[in-house]
Structure formats: C-alpha cells, structure tokens
Amino acid sequence: MKHKDCTLCNSENKSTIAKQEFKDEYLTLIDSELNKVKRAWVKCDDCGLIYHDPQLEESETDILYAKFRDTSFRGEVADEYFDRITSIPNPESENYIKVQWLRNQISNHLNNGGNILDIGSGGGVFLYTFLQENKSWIPHGVEPTIEFAELTQKQLDCSVHAGNYNRDIFNTKFDLITCNQVLEHTINPMDFLGDIFSDLNQGGYLYIEVPDAIDFEELPPEHDRFLAQHLWYFSRVVLEKMFKDTGFKVIKIESQKTIRGRNNLVSLLLKE
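Position in the sequence shown counted from 1, then plus 771, gives you my numbering.
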C-alpha cells in the first residue's frame, strides 16, 4: 500500500472523512499483514475527489482480483452465480433495469446494433441481459478474474479478454461501452477513461455506474463499499469534470438507488 496525493489535481491538501481501524477481508486476501496499516478515506481539499489513503498498488490489486471471485471467498461456483443472477425476474433484476434505462435514453442507437464492450464483465450477467433485449449487438468483455472471464466466454460465446482493460485489446472500435462498478477500482481513473474514449467510435456512447459519495452519510464505516477494493469515491461534480476533461459530452449524470438500496451515480456520455 502506498500513500498518495490527489490523482486528479496533484494536490497534497486533504481532509480525513473516515478512519479505518478494523480488519478488511480484501486486505486479508492479499496479505493479512496489510490490516496493520493505518488507513483512511480522505477528501481532496481542492477538487473534492475522495480516495483511500494509503491505497493498494497495482501489484496488490492483481493479487486481489486473481482471488476476488474464488468459490472459497464468494461461497458459490461460477456457474451457480450465473444461473442465480440470470434467473431473477425482470422487475427485480438490477441488470434488466439498467438495460431498460439505456433503452429509454438511446433507443435509436440500440436499434442500429453494433459492437458492445462490457468492462469488468464479471460472469457475463449484464451482457447476457443486454443481449436478450438487443440481439443484433456483437458482445465483447474484459474481466480480470480468469474463472469468470471463461464463464462469460462459455455462456455467451463471445470474445473476452482475461486481464485488465487497456485500449486496443480487441483491435476494433465500439459503439457502446458499459462499465458497471469498475471506475472506483482502477489505478488511474483518468487514464482508464482516456482508453475508453480512444476505443469508442465517433457517435459511440459510454454508460458508467459508480458508487455515490452520499454513501458516507448513510452507510456504516465497515460497509463492504468502503473496503480496500475501492480506491476512489466520486461525486457528481467530480465525475462531470473528469468526463469533460477526457473529451466526452455529458448526456446525463443521475443519482439512483437500487433495489438492494445501494446509492449509485449513473452516467451516459457521448464521443462526438
């Protein structure tokens, strides 16, 4: 773990908003000794970005995501996970609700078909739901956990990169890129957004969902959302600046509360 200044504006000025002096199951997955490190969530006094300090380095996140979805950690094998999530009735399915939200925003674009890339595709459950409604789209996925990358490839018969996301992995451009609960895990979120911008066709869209910083007002400090796997927390203002600085046109940034009561910021962005 490494102490950091603000990755967005390089400011050293920060205020502690939540100390973490408890055992973190994700740190234990990497190395239980990391639980002895004094940790906190801090907020940049200049731009407002909220981040873990200290936070995991890339070598440590690689270890984490190699184990992240182990049966011993999650309590179910990959196929059981896929069957459980995809069997949820549509009115109760968060993936179905996301797909319908997208259709309400860009129905004409979806009707045209194209290439879709889901970054952090997990077991393929979002892509599966998307394809049930949008059968003319060609799916691609990126997933760092090998077992789940293989699951997506098997269930959807599509191209999946088992590893971290970088631009040009598939040597193609995309008409829609989706990114659910991923940006907060990335080592450098601005580089990540820049790679996505490069991989989109002109006229292509990015759909991105992240935890909402309002969580600090509503959730207990030991909640899973505040553990070491999340490096950053974003507000609407910070996200909008990040997106515009990358080159995106911001179509919408919206606060949502899921069926499970989770606070998210959902954004739809256009590469003009």
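Beta carbons: idealized from backbone N, C-alpha and C, even for Gly. Source: prediction; values computed, not measured.
DSSP-derived helix/strand/coil call for residue i
i: Y936; result: coil
i: N1035; result: strand
i: S803; result: helix
i: S858; result: coil
i: V896; result: helix
i: I1030; result: coil
i: D962; result: helix
i: T923; result: helix
i: N972; result: strand
i: V1009; result: helix
i: D795; result: coil
i: F941; result: coil
i: S830; result: helix
i: K1020; result: strand
i: D946; result: strand
i: V870; result: helix
i: E988; result: helix
i: K1042; result: coil
i: D817; result: coil
Per DSSP, cross-strand counterpart(s) of residue i
i: P910; result: I887
i: E1025; result: V1037
i: E980; result: N951, V1037
i: H823; result: W812
i: T957; result: DSSP lists no partner for T957.
i: A789; result: W812
i: K1055; result: This structure cannot settle anything about residue 1055, because the visible part of the chain is limited to 772 through 1043.
i: S878; result: Answer is none; S878 lacks a bridge partner.
i: W1003; result: Y822
i: V931; result: G912
Residues near residue i by beta carbon distance below 7 Å, same chain, minus five either side
i: N935; result: P915
i: I917; result: A933
i: G819; result: S1006, V1008, V1009
i: R996; result: P982, D986, L990
i: Y836; result: P915, T916
i: S907; result: G884
Close Cβ partners of residue i (< 6 Å) along its chain, the five nearest in sequence each way excluded
i: T949; result: D889, Y978
i: I958; result: E829
i: L779; result: C818, L820
i: E783; result: D776
i: Q876; result: L1039
i: F963; result: T957
Pairwise C-alpha distance: residue j and residue i
i: L1040; j: K944; result: 16 Å
i: D946; j: P992; result: 39 Å
i: E1011; j: I1024; result: 8 Å
i: A849; j: D817; result: 43 Å
i: T799; j: F1014; result: 34 Å
i: V1021; j: Y797; result: 33 Å
i: I788; j: Q1027; result: 23 Å
i: G884; j: V913; result: 20 Å
i: A984; j: T900; result: 28 Å
i: A811; j: D986; result: 15 Å
i: R1033; j: N866; result: 14 Å
i: S878; j: N886; result: 15 Å
i: C815; j: E980; result: 22 Å
i: R938; j: F968; result: 9 Å
i: S864; j: H880; result: 23 Å
Identity of the residue in the options nearest residue i by Cα
i: E831; options: H823, I801, W812; result: I801
i: H774; options: V808, S892, R1031, Q826; result: Q826
i: I1030; options: N861, E988, R874; result: N861
i: I834; options: S803, A811, N866, S858; result: S803
i: Y976; options: I868, C777, I859, L873; result: L873
i: F941; options: N951, C929, L902; result: C929
i: V1037; options: Q926, G893, V953; result: V953
i: Q738; options: V896, K838, K1042; result: Examination of residue 738 is not possible in this model, given that the chain is present from 772 through 1043 alone.
i: N781; options: Y822, V808, L964, Q903; result: Y822
C-beta neighbour in chain E for residue i, strict 8 Å
i: Q826; result: Any reference to chain E falls outside this structure, which holds one protein chain only.
Nonlocal neighbours in the same chain, by C-beta distance under 8 Å from residue i, ignoring five residues either side
i: K794; result: N806
i: T923; result: S892, G893, G894, G895, L898, G912, E914, C929, V931
i: T857; result: V896, Y899, T900
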